[in-house]
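Here full-length UniProt numbering is used: the first residue of the sequence shown is 1, the next is one more, and so on.
Only one structure is covered here, and it is reproduced in the block below.
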Amino acid sequence: MSLTHQEIREIVLALQDSEWDQAAVTVGDVRIALGRNGVDLLPASAPTTGATAPPVPAPAAAPATPPAPVAAAPVVPAAPVAPPAAPTPNVSDVDGHVVTAPSVGVFWKTPQPGQPPFVEIGSEVEAGDTLCIIEVMKLMNNVTADVAGTIVAIHQDNATQVEFGTALFTIAPRDA
């Protein structure tokens, strides 16, 4: 089994659209490791985390020719591609900048149980402020504000399972 050019492109775009610094995907006898922000990639023999696909045994009739190295190819910025349509429950008709989930996971409003939420409706935020946490396989990923402004809507309930691209918050941008 091999990956098509489009499938590889989708993997690269998924990393670009996430907050992750590296990802490794194995499909059959093909392994793709991607990194950014100066992260050293895991060697092929290094143990991987749950973020990688489990190895799939190759069929007995598979050709003995090794796959061409994919990681050596330069990554060329692709034309913008719209992310797959994701459900956005409870999204109101409020104008503003919508902050979406960077990955699949569990939406947490608070840093720990029993603590106050990071933000509430009416909270003033600066670009880079933490809005919530998305938990992915016991990894906590902070979701930050892209713009400065006021939180005008919170679209998810605490401990809700969210998909990539699901609306989390709407921010009314501050006038510059």
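The C-beta atom is built at its ideal place from N, Cα and C for all residues, glycine as well.
query	result
Spatial neighbours of N158 within its chain, please: CB distance less than 6 angstroms, with the 5 preceding and 5 following residues excluded, ordered by chain position.	K109
Are the beta-carbon atoms of A167 and V99 separated by less than 9 angstroms?	yes
Just how far apart, CA to CA, sit A23 and A153?	32 angstroms
Where K138 and Q112 are concerned, what is the direct C-alpha to C-alpha distance, given to the nearest angstrom?	13 angstroms
By Cβ distance, which residues of its chain are closer than 6 angstroms to M140, with the 5 residues on each side in sequence left out?	I133
Could you please give the first and the last residue of the uninterrupted beta strand (DSSP E) stretch that includes H5?	Premise fails: H5 lies in the alpha helix (DSSP H), 5-16, not in any beta strand (DSSP E).
In chain order, what residues of the same chain have a beta carbon less than 8 angstroms from the beta carbon of A82, not counting five sequence neighbours either side?	For A82, the predicted structure reports a pLDDT of 46, less than 50, and the residue's modelled location is therefore unreliable. A value from the coordinates is still provided. Closer than 8 angstroms at the Cβ level, and outside the excluded window around A82, lies no residue.
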